[in-house]
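*Asks:* Under the working numbering, think of the first position of the sequence shown as 3, with each following residue one higher.
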Amino acid sequence: MGILRRSVLEAHSGGGRRWRIPPHADYGLVLILSMLFLGVICQQNGEGGGGGGITSTDQNSLQIVPAARNRVYQRALGKSSVFTCSANVEVPDRLTEFKWWWPDGKAIEPTDTRVEIMRDEPQTLTLLFTSIQEQDLGKYRCTALYANSQKLETDFTLRAYVPITFEDAPINQYAVKGQDYKVKCRVQADPEPQVDWKKDHRVLNNSDHFVMDKDGVVIRGVTEADEGVYTCRVRVTSMGTVEERHIQVEVHELPVLTSEPEVLEGVEAESITFSCTASGKPAPEYEWVNHRKQDLRVLERHTVDKYKGTLQIDGIKREDAGVYTCTAKNTAGYVTMKSTLNVITKPVIEEFKNITTQVNGNAILQCRASGDPAPSIRFHKDSNREPFSAQGPQHDSRIVVEQRTQGRETTATIRISDVLRTDDGLYNCIASNQRTKTELLGHITVEYPPTFANTPMKEAWSWNGHPANVTCLAEGIPNATISWFIEGSPERPVDGNMANIKQIGLQSLSSLEVQPIDRSLYGFYKCVATNKLGTAEHRVQLKEAREPGPVLEAILTTKTATTITYKIVGPVNDGGLPVKSFVAQYREDRASWDEHKLKSWPVDQQLFTIENLEPQRTYFVRFAAENEVGLGVWSKERPEITPRRSAPESPTIQNEVNGVAITAYPDKFELIWRVPPDNGEKITAFEISYVPVRNLTVDKGNQAEYQWDPVGPKTVEQKALGEPRHTLRNLAPGTYYRVEIVAENSIGKSAPASIIIKTAAVPGDLGRPMGSAVSSSSSLRSSNFFIQSHLLLSLSSTICSLNLLLPLITTLTLFSSFLTSTTTTSSCTNNSKHIYDSSRSSVVRNTNNSSKSNLIIDASYSNRVISSSSSCSHFPVQNNFDNKNHEGSRVNNVQLVG
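This is the structure in structure tokens:
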């Protein structure tokens, strides 16, 4: 226990004695004295005269709970209330005849429905009113007999009051700008209440603008500033009650028209829309009535938008003409506007008939139309860009247009002399008045004798008795009738009795289906077309087709261990039908042609490759052309010796575009290639390498050439055989790369296929893109590693103090790419110095046992680091490239400069 050093504990007993605790007394003693002190205090309180004790036995009584002044209680009508009669007696079980009495002197029985009596404890009797009524008011008595000898009695008076009631005080009220308005708050209470007002939490007093009234506050000449929350506060002082009603007053404005009355012209049978807009608060709603005072919201063909104020009339009729009234109204009032509709009768084309004429004749086409007002008429031929003029001669002097009007009717005529075939066609009669028009098509038919001008067929082919179609197309109006003849001596008409010739179609388009079972059916067939204006003839020759001639030449272009590729020159004679394919037949040198293999290619290919050959074998190959008739004669066979198995051919890169492939991504590129021939050994993998490059201009004599020089380390990745595509990732943005791919098999690697790519730049990147003509190797490495190096240097002391040498070496290896002429050396106290090769993840050589060793960083070769591990400090150093080799790498001679 400690010693009291600060204060003196003081206490007062009943007789006024004071104890003082010495400053060096023990805390245990203090605790004992405190407990004794409290005991004394408690004893004195127990012996003192009873301010809060229970009434003595010689004062047995009853009392009403809760207590009230003069035992008079005021309660609200219709509300519930409870009163408890509590007996202050020594032995509650000796209470008998415990009762409540009505104001009229009758005992309240447990069966009475107006009240409920409960005796929860022996000394209490509770009287519960569920809903106090007028008849319940008065003086109530509570009586009891104690110990069968002492009568106990008390009473209370129950009076009613009217609580504060808001009879007319809506919480949302609306005033009209510029008018007087009373904010209503009519209340009822008994005793009489006091009412005061606030607006937006500020007290309102009588003024010229605000006038306090018994049932509200009158606002004189309402303005927008009068909008807000009004608080009607009601107080009944004698009851100690207060109620508030918060009333939101919104200032409304009368509608004001913002659109002008309209005078619109509507076209019969069409639609029209009237507009009516007004400002106001709240936004007004709209109604429309016509000149007959009909509510247009319920009338057919009429659509009223009560929120936008538009009236749309569909299918306008002449009787719709007249005045239309728009009413815009809101809670503040209304305003009206009148608009007018004039109805235009759409033109009706009464007559427009088709006509027929002959070539070199005359044509008259007439159109008659009516309307209100009378329409004007124009003609338009469907094949012409512009319509004819309304009156007089036209651009074509053969054509004249005339027009005359009488009353509501107009008649127009178009006259054409020396009619041509091109005058045939549809003519549009366009009748228009003001904003509306009506159109109707008529037709001029121009008759002319038959012609075969558009019949393309001059010859047809057949072979081996195959059926052939000989066709002719005769144009003429009216349609021509077709007859066929077989030319010869004598000429024979084709009829239905011929077994091997069948005519299909007798008018305009007609064909002969000929099956030439003998050569007599080859020759010329004559088609003769006839109508009322003349006759025309057309000849078609049926020829016999044959197989194509021999292939002119097969030129060897490429030979591998498993493939041979040719360029083929087709035959001079195609046999009458186009060559559709080339066919190669090939066999090994010891096999017969009965054991041959075939390879076929479409004729439109440029190169033709025979695949799946065996290395170091002799093959004999011959070629033929093929058309619909069949295979032509074989060319002379030629020997081909495939070379021995070797490394694969070079892959073909598919996504090169103008020498440079541009990727939309800043950090990746998908390389796609075509798998090359494997030269006899299955391709096992693809090796893909990529290196950042820059474009340099090299002067070679009088000519400048471009070349791509590497500016960074090469990365090599392997791709297993599978889908010929591979994604390069973690590329630098805005940088050129040379990408190379080689195919590998068990024999070796193919020649590389290469492509130059460029990654997308990152928006906002301040660094110079790798591969630009002015970038150096060190500046590129600075762009790539600046942030990492800065952070890693700030952590170097901590790493070194924890003797984490190898992670530190790796960190500074990355940082070495950032150094150019001045770097940092980390001097660490230890007895060892190491050379670290990051490519082998091992310490190469211990160089000395000095107590303080320097970390030497090679800025040219980032995988070589000379370092030590110890507690470190940093010194700026100077790089001097001495071109000395250290295990095959150039090492910087790092010297302290500060």
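Heads up, the beta-carbon is just placed ideally off N, CA and C, and yes, glycines get one too.
Remember, it's a predicted structure, so these values are computed and weren't measured experimentally.
Using the beta-carbon count (16 or more within 10 Å), is A501 buried or exposed?
*Replies:* Exposed: under 16 other Cβ atoms inside 10 Å.
*Asks:* In the DSSP assignment, find the unbroken beta strand (DSSP E) run with T358 in it and report its ends.
*Replies:* T358 -> beta strand (DSSP E) spans I357 to Q360.
*Asks:* For L806, collect the residues of the same chain with a Cβ closer than 7 Å to its Cβ; drop the 5 residues on either side in sequence, then sort them by chain order.
*Replies:* Low per-residue confidence applies at L806: pLDDT is 46, beneath 50, and the placement is therefore not dependable, though the value from the model is reported in the following sentence. Excluding sequence neighbours, L806 sits near nothing in its chain.
*Asks:* Check whether the Cβ atoms of L127 and W102 sit closer than 8 Å, and answer yes or no.
*Replies:* In contact: L127 and W102 (Cβ atoms closer than 8 Å).
*Asks:* What are the boundary residues of the beta strand (DSSP E) that includes M459?
*Replies:* Note, M459: premise wrong, no beta strand (DSSP E); not H, not E.
*Asks:* Measure the Cβ-Cβ separation of W636 and Q587 and say whether it is below 8 Å.
*Replies:* Yes, these two residues count as a Cβ contact at 8 Å.
*Asks:* What is the DSSP secondary structure of R71, reduced to helix, strand or coil?
*Replies:* Three-state result, R71: helix.
*Asks:* For V258, tell me which candidate among G282, T413, C187 and A433 has the shortest Cα-Cα distance.
*Replies:* The candidate whose alpha carbon is nearest that of V258 is G282.
*Asks:* In three-state terms, what does DSSP make of S485?
*Replies:* S485: strand per DSSP, three-state reduction.
*Asks:* Compute the Euclidean distance between the alpha carbons of A547 and L579, then round it to the nearest angstrom.
*Replies:* Roughly 7 Å between the two C-alpha positions.
*Asks:* Pairs of beta-carbons, one from the stretch 395 to 410 and one from the stretch 363 to 376, closer than 8 Å: are there three or more?
*Replies:* Yes, the stretch 395 to 410 is in contact with the stretch 363 to 376.
*Asks:* Pairing CB atoms from the stretch 308 to 321 with CB atoms from the stretch 222 to 242, are three or more of them under 8 Å?
*Replies:* The stretch 308 to 321 is not in contact with the stretch 222 to 242.
*Asks:* Using the Cα positions of V77 and S83, report the straight-line distance between them to the nearest angstrom.
*Replies:* A small correction: the amino acid at residue 77 is Arg; Val does not occupy that position in the sequence shown. Roughly 8 Å between the two C-alpha positions.
*Asks:* Please tell me whether G230 and V185 are closer than 8 Å, where the distance is taken between their beta carbons.
*Replies:* No.
*Asks:* Would you call I173 buried or exposed, if buried means 16 or more other Cβ atoms sit within 10 Å of its Cβ?
*Replies:* I173 should be labelled exposed.
*Asks:* Can you tell me whether A593 is buried or exposed? The criterion is at least 16 other CB atoms within 10 Å of its CB, across all chains shown.
*Replies:* Result: exposed.
*Asks:* Assuming I566 and A649 are in contact, meaning their beta carbons sit under 8 Å apart, how far apart are those beta carbons, in whole angstroms?
*Replies:* Wrong, their Cβ atoms sit about 18 Å apart, outside the cutoff.
*Asks:* Please state if the CB of A476 and the CB of A538 are separated by a distance shorter than 8 Å.
*Replies:* For A538 and A476, yes; Cβs fall inside 8 Å.
*Asks:* Nearest by alpha-carbon distance to T440: which of P754, I351 and E461 is it?
*Replies:* Here the closest residue by C-alpha is I351.
*Asks:* Would you report the Cα separation of K201 and Y232, rounded to the nearest angstrom?
*Replies:* Whole-angstrom Cα-Cα distance: 4 Å.
*Asks:* Cα-Cα, which of L266, V325 and E267 is closest to V291?
*Replies:* Considering only alpha carbons, the answer is V325.
*Asks:* Might you give, ordered along the chain, the residues of its own chain that have their beta carbon closer than 8 Å to the beta carbon of A763, omitting 5 neighbours on each side?
*Replies:* Within the same chain, A763 has close Cβ partners P668, P735, G736 and P771.
*Asks:* On the DSSP bridge assignment, give the partners of Q405 in chain order.
*Replies:* In the DSSP output, where bridge partners are listed per residue, Q405 has A414.
*Asks:* What beta strand (DSSP E) runs, 3 residues minimum, are completely inside the stretch 543 to 590?
*Replies:* As far as the stretch 543 to 590 is concerned, its whole beta strand (DSSP E) runs of at least 3 residues are 555 to 561, 566 to 571 and 583 to 590.
*Asks:* Skipping 5 residues on each side, what residues in its chain have a beta carbon closer than 8 Å to that of P653?
*Replies:* Result list for P653: W675, R676, V677, P678, F688, P726, I743, V744, A745, S752 and A755, in chain order.
*Asks:* Might you give, ordered along the chain, the residues of its own chain that have their beta carbon closer than 6 Å to the beta carbon of K716, omitting 5 neighbours on each side?
*Replies:* Closer than 6 Å at Cβ, skipping near neighbours: S691 and V693.
*Asks:* Note down, one range per segment and in chain order, each alpha helix (DSSP H) of at least 4 residues found wholly within the stretch 651 to 701.
*Replies:* Here no run is fully enclosed.
*Asks:* Taking the C-alpha atoms as reference points, what is the distance between E683 and K638?
*Replies:* Cα to Cα, E683 sits roughly 31 Å from K638.
*Asks:* Just curious, the beta strand (DSSP E) that V704 is in, first and last residue?
*Replies:* Rather than Val, the amino acid found at residue 704 in this sequence is Asn. No beta strand (DSSP E) holds N704; DSSP gives it neither H nor E.
*Asks:* Sort N747, R696 and Q705 by Cα distance to K760 and report the nearest one.
*Replies:* With distances taken between Cα atoms, K760 lies closest to R696.
*Asks:* Specify whether the stretch 328 to 338 and the stretch 418 to 428 touch according to this definition: at least 3 beta carbon pairs, one from each stretch, less than 8 Å apart.
*Replies:* Taking 8 Å as the limit for Cβ pairs, the verdict is that the stretch 418 to 428 does not touch the stretch 328 to 338.
*Asks:* Classify E99 as helix, strand or coil using the three-state DSSP reduction.
*Replies:* Strand at E99.
*Asks:* Spell out the partners DSSP gives F390 in its beta bridges.
*Replies:* In the DSSP output, where bridge partners are listed per residue, F390 has none listed.
*Asks:* In chain order, which alpha helix (DSSP H) runs of at least 4 residues are fully inside the stretch 118 to 184?
*Replies:* None, since the stretch 118 to 184 contains no complete alpha helix (DSSP H) of that length.
*Asks:* Checking the sheet assignment: what are the DSSP bridge partners for W353?
*Replies:* Looking at the sequence itself, residue 353 is Glu, so the reference to Trp does not match. DSSP output for E353 lists R370 as bridge partner(s).
*Asks:* Given that a residue counts as buried once 16 or more other Cβ atoms are within 10 Å of its Cβ, and exposed if not, what is V74?
*Replies:* Looking at its Cβ environment, which holds fewer than 16 other Cβ atoms inside 10 Å, V74 is exposed.
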